[in-house]
Each structure stands twice: as structure tokens, then as C-alpha cells.
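Residue numbers for the sequence shown, in the working numbering: -15 to 303.
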Amino acid sequence: MAIVMKPIAFLSSEWNPAPWIKRAEAAAPGIDIRAWPNIGGDADGIAYAIAWKPPRDAFDALPNLQVIFSLGAGVDHIFAVERLPDVPLVRAVNADLTARMSEYAVMHTLMHHRQQRLLDRYQSERIWKDPPQPAAAEVRVGVMGLGVLGRDSAEKLKIMGFDVAGWSRSKKDIPGIPSYHGPDGLKAFLQRTDILIALLPHTTETDGILNYALFSQLAHDGVLGAPILINAGRGRLQVEEDIVRALDDGTLGAATLDVFVTEPLPADSPLWTHPNVTITPHNAADSDPDAITRGILKQIEAYERGEPLKNVVDPKKGY
Ligand code: NDP
Ligand code: OXD
-15 MAIVMKPIAF LSSEWNPAPW IKRAEAAAPG IDIRAWPNIG GDADGIAYAI
35 AWKPPRDAFD ALPNLQVIFS LGAGVDHIFA VERLPDVPLV RAVNADLTAR
85 MSEYAVMHTL MHHRQQRLLD RYQSERIWKD PPQPAAAEVR VGVMGLGVLG
135 RDSAEKLKIM GFDVAGWSRS KKDIPGIPSY HGPDGLKAFL QRTDILIALL
185 PHTTETDGIL NYALFSQLAH DGVLGAPILI NAGRGRLQVE EDIVRALDDG
235 TLGAATLDVF VTEPLPADSP LWTHPNVTIT PHNAADSDPD AITRGILKQI
285 EAYERGEPLK NVVDPKKGY
């Protein structure tokens, strides 16, 4: 890879920058990359920021930024920053990340469909019992968000034999996967869903969308007995008290949650110990750091050659 000429700042309030800088230097020897808060006295020369949960005022010190790159697919962590510069914001999209998310969606759908948590309980009690086993084709899976991640997950679940549909903001035409869209299409989508997989971004429109009223509209006549929620999108999509209430009164049968309103999930959250909740630590699709770094440096190189940026976020939509 050729040397990137203009300086780069790595901005994160959460991650140790050292390995990221090492990776970037290995991929593009001679690169000028600094990390918050040690971005140097000549910060007005910094043209690119690479950010994951950047400090709230981090951009104030960078008056001449040209592009912000999100280290994640989601960009809510960047829109949360005050005084965001008016420059293109590019998000992470890569085959590795997509494949990992689909693994998660397929694994947790199968775990609920094949009742693995129940079988684990039987094993711990030395019970030899074979619970009823519906066919995948009898299970209606609904994927909320048919973007890069949702579409791939939906297609892989379809290959597994599930009866898959999806819901998104705009109309989609995906062979074999009926799609619903917009607020008007939501009710019909929910009414035919036994396992709901949320792969939406967090925006003002999707904030708290996974609430009791929505769970009540899911199919309650399915072969699994009660509908299941899998949320690997963002924690702020969900109202956590509503999930507990819905699980306790049977509106939901079980939930797999990878993301939470507060992360790490506080020790006193009732979700930790709920018998019908499976928790994973926001690792549904960990990004391969080398793939992400290479992808960003390639984009900068192309941008400096005058080529258009890819995967630019629409600030009006917020994703
Ligand atoms: P995309 O931007 O490609 O897709 C987003 C999808 O959500 C689109 O289909 C979009 O509709 C739909 N959508 C957005 N707003 C609405 C709305 N108001 N009503 C209906 N549909 C809506 O994103 P990705 O698929 O790449 O990623 C999705 C999210 O997954 C990320 O934003 C991030 O929060 C999360 N994520 C979580 C990870 C984890 O480890 N847990 C890892 C990576 C990402 P349309 O197609 O019509 O625009
Ligand atoms: C992402 C994430 O947005 O890991 O990529 O959550």
C-alpha cells in the first residue's frame, strides 16, 4: 500500500489506540497517525479521523478534517458527539463483519428453534427427554433492517429453511424473502413473525422501537409457543423493562440480547439472571481489526487519488 500523505487522528474514549496505530503503520509504512489525546500541536494538519465512541469534544481540536471514518458499521456513537464537523462520515462495511453477524443470527435462531437452552437444563438435571421439534419451514423469522447485515442474515436463514421475511424503511425486492416497509408495513410484518431479529441502526426513528406494544403484535400462534426476540442492532432500540415484562407475562417466550442501553450491562440488571434471556457482550460481529484498518487506508488512498468515498452515511437519515 502506498503511503497516505495527510495525517490521521485515531479518536476513541474506549479503545486502546496502540494496536490500531501499529496496524496502520504496518499496512502503510511512513503514515502519520496520532491518537487522542496526544494528537500534537499541529492538529490543524489532520485530514482524517478514525473513530470509535470518540470523546465528546474530540473534533473541536481538528479544524481541517476532510473525512471521518467509523470503526464500526453503526455510526450512532459518532452522531452522539457535540459539534460534529460537516464532513463526510464513512462507516465500516466488509464481508468479514457481515459473515460474523449472519453467523450470530443463524446460531441464535437455531438455538431457540432447537430449544438448546432447555436441553442444557435437561442435561444439568440428567434428564433424557426429547422436546417436540418443529421443522424450520414452520418457523416464521422476521428480520428488522434489510441493510448490509440484515439482508445477508435473512438470506442465510432462508437457506437454513426458515420462513423468512424482512422489514426496512424502503421497499426491497429480495428473491424468496417477502419484504415489508415503513410504518404502514410494520403491523403485517410483526403479525407473521415468530422470531424477530433486530438489525436496525439506532436513530431518532428507531429509538425504543422494541417495546411492549410491538412485542404484543408479534405472532402468538406459532409452533414455538411464544415469540422470540433477538437484538444485535443497538441497545437503544430496546426498552429493557418492557422486555422483562413481556417475558414474565408470556408476550415473549425468550430473548437473545447482544446490545444494551448501558454497556457493559450493569450488574443489577434483571436481564442477567432472567431464565429466558441469553446475553452476549456486544460481540455479535466483532470487526477484524486488520480488515477494518486496511479498508479505511485503502479508502483514504483512493480519496487522495480523487476517487469518491464508499459507504458514506446520510446524516439526514442518521445511518
Ligand atoms: P445498513 O445501513 O446497511 O442497514 C440498515 C437497515 O435498517 C436498512 O435496511 C434500513 O432501511 C433499515 N432502517 C433504518 N431505519 C429504519 C426505519 N426507521 N424503519 C425501517 N427500517 C429502517 O446497516 P447495517 O446492516 O450495516 O448495520 C445495521 C446495524 O447493526 C448498525 O447500525 C449497528 O447498529 C448494528 N451492528 C451491530 C453489531 C454488533 O456486534 N452487535 C456489529 C455491526 C453492526 P433502508 O434499507 O430502507 O434504508
Ligand atoms: C458496529 C458494532 O457498529 O460493532 O460495528 O457495533
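Cβ coordinates follow ideal geometry from the N, Cα and C atoms, glycine included. None of these values were measured; they are calculated from a predicted model.
Proximity of the stretch 150 to 166 to the stretch 117 to 134 meets the contact definition, three or more beta-carbon pairs being nearer than 8 Å.
A direct Cα-Cα distance of roughly 10 Å separates Leu183 from Ala138. In the DSSP secondary-structure assignment, Asn215 is bridged to Ala182 and Leu241. When secondary structure is reduced to three states using DSSP, Trp4 falls in the helix class. Taken in chain order, the unbroken stretches of alpha helix (DSSP H) that lie wholly in the stretch 13 to 80 and span 4 residues or more are 60 to 63. Distances between the C-beta of Gly129 and the heavy atoms of ligand 2 are all 7 Å or more. For Tyr196, the enclosing alpha helix (DSSP H) begins and ends at Tyr196 to Gln201. Residue state for Ser253 is assigned as coil, using DSSP reduced to three classes. Of the candidates His92, Asn78, Gln99 and Pro21, the residue whose Cα lies closest to the Cα of Gly209 is Gln99.
In this structure the stretch 110 to 125 does not lie against the stretch 72 to 84, because fewer than three pairs of beta carbons, one per stretch, are closer than 8 Å. Using a cutoff of 7 Å, the CB of Tyr164 does not count as near ligand 1, since none of the ligand's heavy atoms is closer than that. At least one heavy atom of ligand 2 lies closer than 7 Å to the C-beta of His266.
Around Ala275, the same chain offers Asn78 and Asp80 as residues with beta carbons nearer than 7 Å, after the five sequence neighbours per side are excluded.
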